[in-house]
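Enquirer:
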Amino acid sequence: MNGTPTPTQIQSAIENALRSDAALIQSVVHSSNGLSHVQANLIDTGVVDALTDRVEARLNTGFASEDNVLDNLGSLDGMLGETEVPVVLSNTAFHARSGDKRHLMLSIHRGAAFLGFADVSEDARTSLALHLMYRDKRFESKLVMSSVEPAFEFQRLIELPSSDTQVLMQMEDKIHIVVTRTHHPSGQASLLGTCELDIRESLCGSSAGAPRRPAKKQLEVKEVGEDVTVGILEVVMECVPRDKGFIPVSIDEVNFQRKREQRQFDEMNRLFYTHAKQWWNDFLQIRSSHSQRLVKIFAHNESGIKLPVTNFIHPIRSRYIESPRHAVRFVSLMNTEKNQGVGSSKTEVWSHPHTIVTLSKGNVSSLANFLTSLLLGFNSPAFMALGMTHAGEPSSWVAVLSTGGNVEFIDPSSGVRYSANCEEMPWRSCGCLFNDEGFWANVGGTDLIKGCKFDVADTRYWKSLGRDAVLSMKRRAINFPLLPFNPPKYLNSMDATGAMDTIPPLTTSETDLEAILKSQIALFRDDHDLLTVWDDDLSHLLAQCLWSCENGKLARTVTSGLVESGVSSVDFQEGVRRGIPEGHTFKGFPVHFNTLNPQKIFNAFTTTKSCQNLLLTRGDKVRYGIRVKVFGYAEKCVACWVMVAVRYRAYME
Numbered sequence: 001m002n003g004t005p006t007p008t009q010i011q012s013a014i015e016n017a018l019r020s021d022a023a024l025i026q027s028v029v030h031s032s033n034g035l036s037h038v039q040a041n042l043i044d045t046g047v048v049d050a051l052t053d054r055v056e057a058r059l060n061t062g063f064a065s066e067d068n069v070l071d072n073l074g075s076l077d078g079m080l081g082e083t084e085v086p087v088v089l090s091n092t093a094f095h096a097r098s099g100d101k102r103h104l105m106l107s108i109h110r111g112a113a114f115l116g117f118a119d120v121s122e123d124a125r126t127s128l129a130l131h132l133m134y135r136d137k138r139f140e141s142k143l144v145m146s147s148v149e150p151a152f153e154f155q156r157l158i159e160l161p162s163s164d165t166q167v168l169m170q171m172e173d174k175i176h177i178v179v180t181r182t183h184h185p186s187g188q189a190s191l192l193g194t195c196e197l198d199i200r201e202s203l204c205g206s207s208a209g210a211p212r213r214p215a216k217k218q219l220e221v222k223e224v225g226e227d228v229t230v231g232i233l234e235v236v237m238e239c240v241p242r243d244k245g246f247i248p249v250s251i252d253e254v255n256f257q258r259k260r261e262q263r264q265f266d267e268m269n270r271l272f273y274t275h276a277k278q279w280w281n282d283f284l285q286i287r288s289s290h291s292q293r294l295v296k297i298f299a300h301n302e303s304g305i306k307l308p309v310t311n312f313i314h315p316i317r318s319r320y321i322e323s324p325r326h327a328v329r330f331v332s333l334m335n336t337e338k339n340q341g342v343g344s345s346k347t348e349v350w351s352h353p354h355t356i357v358t359l360s361k362g363n364v365s366s367l368a369n370f371l372t373s374l375l376l377g378f379n380s381p382a383f384m385a386l387g388m389t390h391a392g393e394p395s396s397w398v399a400v401l402s403t404g405g406n407v408e409f410i411d412p413s414s415g416v417r418y419s420a421n422c423e424e425m426p427w428r429s430c431g432c433l434f435n436d437e438g439f440w441a442n443v444g445g446t447d448l449i450k451g452c453k454f455d456v457a458d459t460r461y462w463k464s465l466g467r468d469a470v471l472s473m474k475r476r477a478i479n480f481p482l483l484p485f486n487p488p489k490y491l492n493s494m495d496a497t498g499a500m501d502t503i504p505p506l507t508t509s510e511t512d513l514e515a516i517l518k519s520q521i522a523l524f525r526d527d528h529d530l531l532t533v534w535d536d537d538l539s540h541l542l543a544q545c546l547w548s549c550e551n552g553k554l555a556r557t558v559t560s561g562l563v564e565s566g567v568s569s570v571d572f573q574e575g576v577r578r579g580i581p582e583g584h585t586f587k588g589f590p591v592h593f594n595t596l597n598p599q600k601i602f603n604a605f606t607t608t609k610s611c612q613n614l615l616l617t618r619g620d621k622v623r624y625g626i627r628v629k630v631f632g633y634a635e636k637c638v639a640c641w642v643m644v645a646v647r648y649r650a651y652m653e
């Protein structure tokens with residue numbers, strides 16, 4: 001092009017370049033952890049350099065066609081759909097800026113045969129979402145309307161751990177995918193199914209003379225614990241960039257490597273099973289009563305594969321879990337699913353940590369596994385324990401056996417800690433203990449907790465399965481990536497699918513919740529012909545009580561009530577005495593929730609007799625106060641304390 005380009009021509013060139021790389025830019029933005037990382041990722045992946053090259057090329061060639069742009073990075077035709085622009089990067093720019101890194105371009109544009117929705121074409125009351133985890137990275141799709149063929153339109157650029165295809169070929173790391181269904185307007189999520197994706201087909205090249213195409217795969221989503229397909233994901237993936245240093249592998253090599261890994265696993269499994277069978281026979285020979293003790297060596301994972309129970313525990317370290325006590329509180333805030341009872345057609349499944357945190361719930365065994373892993377991340381001497389309750393039901397919990405001889409049991413569902421000699425603990429007997437490094441069965445004269453000596457090094461009381469045998473079955477584990485607190489999205493307005501664009505700050509959530517609850521309480525009292533007047537000073541006084549309540553949850557060992565440790569605060573009691581006018585009566589108590597849904601909170605107040613009496617207080621100079629305190633832990637786990645109080649001068653009887 002002759003002469004200096006005009007501003008209009010420059011603007012047109014930039015707009016065309018942005019349109020050409022729109023799909024890739026979108027995937028990089030979605031793959032970035034916050035806005036602060038978007039710019040760095042756009043530079044690292046070569047997008048900025050590619051855009052610059054494209055603009056310069058258009059200006060220098062008079063907006064001619066861009067056939068001269070290097071395309072040996074690989075065509076993504078068919079990957080983005082008919083209406084989207086194929087991704088074309090300057091291969092030189094990508095390679096120079098990425099520092100020899102390679103990425104997986106992953107697309108899941110649609111699903112198929114989601115039979116749960118076969119009776120309706122679309123269900124506006126529920127939405128589907130994908131949750132993916134690869135090594136130490138996690139991704140989520142947007143909520144889409146439930147249908148037989150949901151349009152996920154999910155695309156991400158995922159950094160791979162190596163640029164060498166042969167090294168990547170040896171890695172067994174798979175993408176773990178969880179499909180959830182969200183119910184509106186409650187926002188409650190349920191599990192639809194899970195699956196795993198082997199990415200090594202993306203390393204394959206094309207046959208001689210044929211244009212290279214991305215790898216396409218139909219991935220079956222299975223119902224957890226059942227060999228039932230609930231839907232199919234249409235996956236397209238490609239390893240980029242495909243520069244001169246990229247040496248593709250054949251599909252035969254990939255299949256050979258998979259078969260080799262399966263043979264190795266089968267052989268290790270056979271050897272471990274033989275060892276475990278002999279160990280079990282020896283265990284039964286010690287006492288005939290040992291056959292009645294709860295000793296479980298194997299458990300089923302989400303894929304239905306039987307694995308040693310020790311394989312379900314790996315130390316987890318996260319900056320978002322500040323201490324062992326915070327780990328206990330974090331897990332206790334999750335919802336607990338009931339274990340499958342005797343005679344159930346479903347096999348008990350021990351869930352993947354990714355599934356647990358995605359849904360913020362799991363069965364007791366899964367939560368105990370998860371809590372044990374978190375405690376081991378703090379080098380705590382934690383073990384998962386299996387035994388029986390006083391009601392004769394099998395149960396799981398966490399045992400912490402300190403080197404000083406102190407023994408503490410933790411209920412993962414409630415977070416309550418019990419000393420070994422506590423009469424209030426729900427467990428009667430203990431059959432075995434295990435963690436990531438060993439398995440020990442109780443061979444003492446009794447398996448009753450009162451008569452046990454909890455020292456796994458003492459062979460008179462505990463029989464070890466063998467550390468070498470346990471470690472032989474464990475695969476290399478990547479530290480599970482926990483995310484910072486991401487509050488559930490109830491307080492902002494939702495679009496048609498229930499999705500939200502913004503997440504309110506924590507303090508805004510507290511003030512918004514207070515405003516909504518104030519309005520609902522005033523309407524409730526108005527329906528009973530009662531006037532509502534709010535006292536800001538009284539509301540401020542309540543905050544310290546809520547802090548004490550949450551600190552009490554973290555610090556307590558055994559409790560017979562919900563809030564004794566918080567309400568007994570001397571400072572709070574003194575504040576009430578000095579802040580309430582003489583002759584007035586004060587009533588109020590804190591209530592704990594693990595939700596930020598204001599409707600659920602208000603419903604709990606109006607359906608509980610004591611709370612209802614508080615809301616319908618009659619008297620002279622009735623003044624109400626309310627305070628909401630939200631304590632965010634990792635992921636979506638939240639402790640929400642709400643305290644409504646009233647001061648008034650009572651009528652004379």
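Position one of the sequence shown corresponds to residue 1 (full-length UniProt numbering), numbered consecutively onward. All residues carry an ideal CB built from backbone N, CA and C; glycine is no exception.
Taking the CB atoms as reference points, tell me whether Ser-366 and Pro-324 lie closer together than 8 Å.
Expert: It is not a contact, given that the beta carbons lie outside the stated cut-off.
Enquirer: Hey, out of Phe-602, Ser-539, Glu-550, Thr-8, whose CA is closest to Val-576's CA?
Expert: Considering only alpha carbons, the answer is Ser-539.
Enquirer: Per DSSP, what kind of secondary structure is Glu-393 in: helix, strand or coil?
Expert: If DSSP states are grouped into helix, strand and coil, Glu-393 belongs with coil.
Enquirer: Does DSSP put Glu-220 in a helix, in a strand, or in coil?
Expert: Reduced to three states, the DSSP call for Glu-220 is strand.
Enquirer: Roughly how many angstroms separate the alpha carbons of Val-69 and Asn-435, rounded to a whole number?
Expert: Low confidence applies to Val-69: its pLDDT is 31, below 50, so where it sits in the model is not reliable, and the reading given next is rough at best. About 55 Å.
Enquirer: Quick check: the region 245-265 against the region 455-465, are at least 3 beta-carbon pairs closer than 8 Å?
Expert: No contact exists between the region 455-465 and the region 245-265.
Enquirer: If you follow the alpha helix (DSSP H) that Trp-279 is in, where does it begin and where does it stop?
Expert: 251-286 is the span of the alpha helix (DSSP H), which, as asked, contains Trp-279.
Enquirer: Using DSSP's beta-bridge definition, name the partner residues of His-103.
Expert: Bridge partners of His-103: Glu-159, Val-240.
Enquirer: Can you tell me where the alpha helix (DSSP H) with Thr-165 in it begins and where it stops?
Expert: 165-169 is the extent of the alpha helix (DSSP H) around Thr-165.
Enquirer: Which residues in the same chain as Glu-153 place their Cβ atom closer than 6 Å to its Cβ, once the five residues preceding and following it in sequence are excluded?
Expert: These residues qualify, in order along the chain: His-109.
Enquirer: Excluding the five sequence neighbours on either side, which residues of its own chain have a C-beta within less than 6 Å of the C-beta of Ser-414, listed in chain order?
Expert: Excluding sequence neighbours, Ser-414 sits near Ser-332.
Enquirer: Run through DSSP, which three-state label would Ser-539 get?
Expert: The answer is helix: DSSP assigns Ser-539 an H, G or I state.
Enquirer: Kindly give me the distance between the Cβ atoms of Lys-296 and Cys-432, rounded to whole angstroms, as I take these residues to be in contact under 8 Å.
Expert: With 8 Å as the limit, Lys-296 and Cys-432 qualify as a contact, their Cβ atoms being about 7 Å apart.
Enquirer: Which residue's Cα is closest to the Cα of Glu-437: Val-470, Val-167, Ser-419, Val-416?
Expert: It is Val-470.
Enquirer: Assuming Arg-647 and His-584 make a contact with CB atoms under 8 Å, what is their CB distance in whole Å?
Expert: With a Cβ gap of about 5 Å, Arg-647 and His-584 count as contacting.
Enquirer: To the nearest angstrom, how far is the alpha carbon of Glu-238 from that of Thr-358?
Expert: Computed Cα separation, rounded: 26 Å.
Enquirer: Between the alpha carbons of Ala-650 and Asp-535, how many angstroms are there, rounded?
Expert: Approximately 17 Å, taken between the alpha carbons.
Enquirer: Who are Lys-137's beta bridge partners in DSSP?
Expert: Paired residues: Tyr-134.
Enquirer: Quick one: using the 10 Å Cβ neighbour count with 16 as the cut-off for buried, is Ala-276 buried or exposed?
Expert: The residue in question, Ala-276, is buried, as its Cβ has 16 or more Cβ neighbours within 10 Å.
Enquirer: With a threshold of 16 other CB atoms inside 10 Å of the CB of Leu-645, please say whether the residue is buried or exposed.
Expert: For the sequence presented, residue 645 should be read as Ala rather than Leu. Result: buried.
Enquirer: From Tyr-624 to Val-533, what distance separates their C-alpha atoms?
Expert: Their backbone Cα atoms lie some 6 Å apart in a straight line.
Enquirer: Can you tell me which of the three DSSP states Gly-193 falls into?
Expert: Note: Gly-193 maps to strand in three-state DSSP.
Enquirer: Could you check if Thr-8 is buried or exposed, using at least 16 other CB atoms within 10 Å of its CB as the buried criterion?
Expert: With fewer than 16 Cβ atoms within 10 Å of its Cβ, Thr-8 is classed as exposed.
Enquirer: Using CA atoms only, rank isn't needed, just tell me which of Gly-445, Asn-442, Gly-466 is closest to Thr-274.
Expert: When each option's Cα is compared against that of Thr-274, the closest is Gly-466.
Enquirer: Report the three-state DSSP secondary structure of Pro-487 (helix, strand or coil).
Expert: Of the three classes helix, strand and coil, the one that applies to Pro-487 here is coil, per DSSP.
Enquirer: Less than 7 Å between C-beta atoms, sequence neighbours within five positions excluded: which residues of the same chain meet that for Val-228?
Expert: The residues are Lys-222.
Enquirer: Using three-state DSSP, classify Val-533 as helix, strand or coil.
Expert: Correct three-state label for Val-533: coil.
Enquirer: Taking all protein chains shown into account, decide if Gly-78 is buried (16 or more other Cβ within 10 angstroms of its Cβ) or exposed.
Expert: Note on Gly-78: pLDDT 35, under 50, position unreliable in the model; the coordinate value appears next. Exposed: under 16 other Cβ atoms inside 10 Å.
Enquirer: Considering only residues of the same chain and omitting the five flanking positions on each side of Met-425, which have a CB-CB separation below 7 Å?
Expert: Closer than 7 Å at the Cβ level, and outside the excluded window around Met-425, lie Phe-409, Tyr-418.
Enquirer: Is it true that the CB of Asn-301 sits closer than 8 Å to the CB of Leu-294?
Expert: Going by C-beta atoms, Leu-294 is not nearer than 8 Å to Asn-301.
Enquirer: Go ahead and label Leu-523 buried or exposed: buried means 16 or more other beta carbons lie within 10 angstroms of its beta carbon, across all protein chains shown.
Expert: Leu-523 is exposed by the Cβ-count criterion.
Enquirer: Less than 8 Å between the CB atoms is what I'm expecting for Ile-321 and Leu-448, so what's the real figure, rounded?
Expert: Actually they are not in contact, since the Cβ atoms of Ile-321 and Leu-448 sit about 34 Å apart, beyond 8 Å.
Enquirer: Pull up the distance between the alpha-carbon of Asp-527 and that of Ala-543, whole angstroms please.
Expert: Looking at the two C-alpha atoms, the distance is approximately 29 Å.
Enquirer: With H, G and I counted as helix, E and B as strand and the rest as coil, what does DSSP make of Lys-450?
Expert: Looking at Lys-450 - three-state DSSP - the assignment turns out to be helix.
Enquirer: Assuming contact is defined by CB atoms lying nearer than 8 Å, are Trp-397 and Ala-441 in contact in what I supplied?
Expert: The answer is no: Cβ separation not under 8 Å.
Enquirer: Would you tell me roughly how many angstroms separate the C-alpha atoms of Ser-12 and Glu-140, rounded to the nearest one?
Expert: Approximately 34 Å, taken between the alpha carbons.
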